[in-house]
Amino acid sequence: MRKYRVLALALLAGALFSSEAHAQQRRITGRVTATGSGEALANTAVSVVGTTIGTYTADDGSFQLLAPSGDVSLLARRVGFKRTTIAVPAGQEQVSISLERDVLQLEEQVVTGTATTVSSVNAANAVAVVSGEQLNRVPAQTIDNALQGKVAGATITQNNGAPGGGTQIQLRGVSSINASTDPLYVIDGIIVDNSQIANGLTAITQSARQNNPSSQDQRVNRAADLNPNDIESIQILKGPSASSIYGSRGTNGVVVITTKRGRAGKTTFDVAQRFGTAAISNKLDLRCLNTLGDYLDYTGSAGISDTTKRRKALQADTSFFNTYNSGTCHDFQQELYGENPFNYQTVASIRGATQQGTNFFISGLAQHDGGLVRNDFYNKQSLRANLGQQFGSRVNVRVNSELIHSLTQRGVSGNDNTGINPYTTMSLTPSFIELRRRPDGTFPKNPINSVGNNNPFQVAEVVKTPEQVWRLLGSGVGTLSILAQERQTLDLTLSGGVDAYNDNSRIISPASAYVEQVNALPGTIVNGQANVLSATLNGALNHRYTTRLFSATTSTGFRQDRRQNDVLAITGRGVFPGVTNVAASTQVSQVEGQDLVKALSLFAQEEFLTLSERLLLTAGVNSERTSNNGDPHKFYAYPKFSASYRLPWLPPVTDEMKLRVAYGRAGNQPTAGKYTFLTNLIQNGLSGYRASTIVGSPNIRPETASETEGGFDWTLLDGRARVSVTQFKKQVDNLLLQASIAPSTGFSSQWINGGQLSTHGTEIELGATPVQWGHFQWISNTTYASNKTRVTRLPVAPFIPVSGSFGSRFGNAFVQQGQLLTVLQAVNGCTALNSSGTCPAANRILKFMGNAAPDFQMGFSNDLSYGPFRLASLVDWRKGGLGANLTNNYFDGGMLADTAVGNARLREFSKGHAVYVEKTGFVKIREVTLGYDLPAGMTSTMFRGLVSSARLDLSGRNLYTWTRYSGLDPEVSNFGNQALGRFQDVTPYPPSRQFYVTINTTF
Amino acid sequence: MKRLLTFALVAGVAVTACKDNPTAAPIDAPTVDALKNLTKTTLEQLAVGVTAQDRSAFASTGAIVLPEILARDIYRIDASESRYVTETLSGQADPGSFAGGSGFSPFYTGARAANQALIALRTPPANTFTTTQLAAARGFFRTMKAIEFYRVLELRDSIGIPLETDDPYTLTPVYCKPYVLNYIAAQLDSANADLIAAGADSMPFRLPSSWVSHGRNYRKSANMIRFNRGWKGKVDFYRAMLNRNSPDQALLNTAVTELTAALGAAEGAVPSSQFPVGVYYEFAASELLNVLADAKIAANNNFVDSVRFVQKDTVTPAPWDSSDTRYSKIVARSDSATGGLTGNNLTALFTISTATATTANQTNPIPLLKDEELVLLRAQANAELTGGLLKAYLDANSVHRAYSPNDLPAFTTVAIARRYILREKRLSLLLEGPQRLVDLRAYGYLNAAHLVPEFVPPKGTDPFNSVFPLPRGELNARGLTTNPACSAS
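Heads up: the protein sequence lines correspond to chains Z and B, in order.
The first sequence runs 1 to 1003 under my numbering.
The second sequence runs 10001 to 10489 under my numbering.
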């Protein structure tokens, strides 16, 4: 640790005590415009190459700066345009600079440190950048929904199709078994929380056969709260080689979000009004049972060999049919999930700056997304204010804040053991039974006892699952320019912020619900309260020293972060009708979880750009300690090294060729294992404690991920094509594992660090402008990513992860040395069938069925524009992968339209065959947008001159899926929130297509 | 000025960083470190933790259902889980499977819980507990620790079992049954000495109400002594029976003395109203449900006549006393009219009233130790004592008469006494623990010479399993693949 401090102080001293006399100066003035249109480009950075001298253009594109005497070169850069360098001879004082549009996003500023960035032209990592425009081309309920198909190397899965999120991102494979696998979210430099908080649904579904909230509660990760419309850009640091600056939270990659800021120029007032709807995109092909013959065939009573028993069964079945036959073959799926909700989003923002150096971005959002089931919805409102103020030439202060409110009702879906899930009910309810609401407002009682007489239409009406979140994000950044000389600058940046939210989730299942009436204590209430606080404090000193030969950027600083959460869930049973106070229940139980984590990191980094900005060398180290470590005082070092080189001699048609290699190490905080806790037990109402059966370790430390990535970026054909190829190898050591110990000790296992995962992967990005002819332009981007993670060392016996599954007959994850980490293991074979033709448990043969993760993923984005018209599409292709389709198991045995298939599958299942393991590959039309820029004349007429521009978009999301998967959606997972085994399809909320009409106006 | 300002800022940052307190106390749950500073509340929580752990360990499939299957009192017929039969009545238990691994770990967890309390009591905080309170607490925890080991031994018997040390990472040898029984006896005696030292003082903590509400308040040291002596009498009886052909007379006398102390009355003098008195485990939906409320549990069809040993002993089987109200525990299954419960090559037409899947049975208490068992244990001990048949009869008949207007036939031989006492125990303790398995084993009756095989070819072969193996996890930790030879010392 000491050596890093010495290094930091040496760098700082060098910065402070070196000085250079100002050379003789001259004034250069000029104007920057867009190539072709001649549009003035405000906010363009213009700098003198080889110095730290620079400025930004004004509203009219003009600039002026003081340059050294003699010949100089000016570099002009602006987001969305290709950089340009022009020579300015000694005697020239006026320049005109023209910038070409960067349709392929050849140049972005990518994050390299807490307060440092580098141009993607020189970047040594394959950092994915998604602009706000790309993110919001088609409205999405949440940010992670909007990222689907747009980032090479990101596997994005969704719990189910219920409104309001429940989407998880894994970057470059799975990096842990027992610690976190979610990427870190950073917004404007502040770490924000992305927890998934269970809403207690299991209290009524008994999915986990317990009162306490469970991993099967269709949890929503809280990144869903963020408003995608406020985002300027998202940068995805995919692995440790880029994310080591985030230390022990960088293993799983980092999603760095920059929100919009005010900018110089005319104040703009933008309003986007979106209207839309949704429709169920896939249904199971269920059997129509509307004749007695069909019904008897379904029950099988006609086939009973014993005459007496057959007669008795036939009589019962006939009586049942006659009693409940409504005369209609009900399509329960359509009747229940057939809502076409009216959805809307209203997004308004004001953006601008004052002459006094204040810039501002203020935005608001009001959003409503209805579900496919009556009364399900996702409502969100947010208000953001980003303010910046320049004080003189040396101090800049920025304050960002956002208040978010969301209210979600996601209904009931997923695994259940009470019959309350609509698909569970449908799997056993013959379609001749009427379940819809009667004219008097009551609902028929389902005569099927095995589903608790559940009527899903009644559940949709009387069972409430509201989850309300109030969230405040606030941050401030202050930058002090300590030194600003021609050759060097020294800036101090201090930033801090908080992310605080309250998540109040309720389950209200009244005693009037038929499914409650079979309970000993009818009526269930869950009151969940989660209070989460995440606070970050950053400090950084950045020194930049520039000569004609090189530019060196030295940065050092610290980051402190603190996370605290308190999650309380109170479950009440035996509730009076109409009462929602959990305290009024006959029986009350509660569970609470608390967590407090502190971390401090100190870092130092050197970036050295030389050889005419062709060679970039970077070295840095982040040293961090956290309270989760066994020794909270010990610092763990996360170094990084990288190099990129832009080749000076290029083959024909090549504009730019950059070779790059980067190495970095990041960590993953141990989320458990430090302590041997006492476990609470209750007996006769008295509280007791005994030691947990899992022994903690005082030496527990972070998991460590080391990643090396290399590749090249190739720009050719005058910037009309771009190829980026990256290969990476990631190795995760010191895995957090539970090692078994002899049960006669009174314990079952102990936490240890050990083992190793190894991930290899390839990512390719292709961008091209195949056609650029007059007003017609076609921009095409393709991403490809493949990776495989293998368990290369395992110091404990092979095991099924603690995370959920439904057993090996359907398929589970399995961790074994030498195997893929994402392997799906299932029973598939039998040593000998018993006399009844089924496979006894002891004779089942376990096999590895293949990789549950996809072989590769590709995204095809095409953007065609002709004058005011624009057609954009995104197609998502996932090749390979396996899932366990338990939903089919519910319906096999007579309820599917193709009964032969279902019956055969069930027979094979009883013989020990893994019939429910299916391939989950798909091709999905993820997004389509057709846009039209309204002519100025029309705009003026329509909006009486108030609107300067307007655009009309027709768009759709998840429009069509090609797949061999026989379930509702190959992407859904009952256990989407866990590290492994995210491949369980259990009666999910069906997926939907969404359609929108958007009017974008700028005032 | 600029440099001064910079230095000030850097110094401020450095101070902030260096003064950062990196520790975060565990706020979600107490850790074992909390035991270093015992309070009265903590001690109560540890006591409840031990009893609650014992409840979950004992009121379980592994500790009651499986040994009762081995003892041929019940079946559990489950088409989706044939191992209830294939690892008990028709085959060997797999140490890596559910039957082989049952009834082991939870008891050691209970022993660990008691052990940690005892360790904490070695260095009690000053001025929190009196000397007698500490003695009472030690007596309670050590008694519970002994019970946990006894439970494991009931299921492993001749295989032997490991014991537990203070250090969770140190394994003891797998000790043979005599050594373990001696160890348990010593623990119980040590606990008894502590409880005596406690004098009139009560436990310095509350116990769950089921330790208070079934006729005797075991929070009082005097009653905890009775509980302890009851267990000691039980242990000493089986110690005496280690050589069943020549039972240890001294130990039998000791057992009788201890059981008399536990019961507080001589042979035949324990009133029937006292029989249900004892410690029970109670159940509630909010805590734990009784696992015996299980529709797949059935009574062994041969329940009435499977105890063939009476015939093998050439003693004419006594007619069943149809007036015995305990027979009403055996009830026809609700599905008996349609052929009963079939599967796993078995068919069952009857079940046990406490095993039907009713809401009431889900909260039906299970006795941990009740006086009725102690009376019958004393009868067992007296029956093996030279000249003790009359005393044995007095106790056994007193139990019988509690359920029937008829007397038992006189005990004229040890064999007859065993027969009737075992019958009384079976009826009184049915589905309340592994007592019958332990008795069949102790008398050498768990074999084809005394019992009707459940499986005959071609459906299978009855192995007459009497014990479960050491679980695979235990073997793995010891680098073994099969049960090791036990250590005698």
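Where is the CB? At the ideal position from N, CA and C, for every residue including glycine.
Would you identify the three-state DSSP class for residue i, choosing helix, strand or coil?
i, result
"residue 829(Z)", "strand"
"residue 368(Z)", "strand"
"residue 290(Z)", "coil"
"residue 10241(B)", "coil"
"residue 729(Z)", "strand"
"residue 989(Z)", "coil"
"residue 10445(B)", "coil"
"residue 10311(B)", "The pLDDT assigned to residue 10311(B) is 35, lower than 50, so where the model puts this residue is not dependable; a value taken from the coordinates is nonetheless given after this. Reduced to three states, the DSSP call for residue 10311(B) is helix."
"residue 10164(B)", "coil"
"residue 550(Z)", "strand"
"residue 320(Z)", "helix"
"residue 206(Z)", "coil"
Who are the neighbours of residue i on chain B, taking C-beta pairs under 9 Å?
i, result
"residue 301(Z)", "Those do not exist, as residue 301(Z) stays about 15 Å from chain B at its closest Cβ, beyond 9 Å."
Quick one: Cα of residue i to Cα of residue j, how far?
i, j, result
"residue 406(Z)", "residue 347(Z)", "15 Å"
"residue 575(Z)", "residue 587(Z)", "9 Å"
"residue 529(Z)", "residue 222(Z)", "14 Å"
"residue 10243(B)", "residue 10408(B)", "28 Å"
"residue 10222(B)", "residue 10350(B)", "42 Å"
"residue 10460(B)", "residue 10085(B)", "11 Å"
"residue 10336(B)", "residue 10227(B)", "41 Å"
"residue 838(Z)", "residue 915(Z)", "14 Å"
"residue 153(Z)", "residue 10356(B)", "55 Å"
"residue 21(Z)", "residue 474(Z)", "Summary for residue 21(Z): the model assigns pLDDT 40, below 50, so the residue's position carries little reliability, and this model does not support an answer."
"residue 594(Z)", "residue 565(Z)", "6 Å"
Which residue comes first and which comes last in the alpha helix (DSSP H) that contains residue i?
i, result
"residue 10203(B)", "Unbroken run through residue 10203(B): none, as it is neither H nor E."
"residue 910(Z)", "899 to 910"
"residue 111(Z)", "Not the alpha helix (DSSP H): residue 111(Z) falls in the beta strand (DSSP E), residues 109 to 111."
Looking at the unbroken beta strand (DSSP E) that takes in residue i, where does it start and where does it end?
i, result
"residue 47(Z)", "45 to 48"
"residue 343(Z)", "343 to 353"
"residue 769(Z)", "749 to 773"
"residue 858(Z)", "856 to 866"
"residue 10192(B)", "Not the beta strand (DSSP E): residue 10192(B) falls in the alpha helix (DSSP H), residues 10177 to 10197."
"residue 923(Z)", "922 to 933"
Measure from the alpha carbon of residue i to the alpha carbon of each residue in the options, then state which is nearest.
i, options, result
"residue 428(Z)", "268(Z), 985(Z), 617(Z), 892(Z)", "892(Z)"
"residue 129(Z)", "231(Z), 961(Z), 466(Z), 191(Z)", "231(Z)"
"residue 247(Z)", "842(Z), 877(Z), 50(Z), 624(Z)", "624(Z)"
"residue 483(Z)", "417(Z), 468(Z), 395(Z)", "395(Z)"
"residue 298(Z)", "878(Z), 64(Z), 314(Z), 773(Z)", "314(Z)"
"residue 669(Z)", "157(Z), 322(Z), 249(Z)", "249(Z)"
"residue 727(Z)", "85(Z), 91(Z), 100(Z), 126(Z)", "126(Z)"
"residue 10343(B)", "10298(B), 10154(B), 10249(B), 10403(B)", "10298(B)"
Note down, in chain order, every chain B residue with its Cβ under 8 Å from the Cβ of residue i.
i, result
"residue 598(Z)", "10020, 10021, 10022, 10023, 10024"
"residue 797(Z)", "10476"
"residue 632(Z)", "10022, 10023, 10024"
Taking C-beta pairs closer than 8 Å, name the residues in chain Z that residue i reaches, listed in chain order.
i, result
"residue 10119(B)", "Result: empty, since nearest Cβ-Cβ is about 11 Å, beyond 8 Å."
For residue i, go through chain B and note every residue whose CB falls closer than 7 Å to its CB, in chain order.
i, result
"residue 198(Z)", "Here the premise fails: no neighbours, minimum Cβ distance about 16 Å."
List, in order along the chain, the chain Z residues whose C-beta lies closer than 7 Å to that of residue i?
i, result
"residue 10045(B)", "687, 688, 689"
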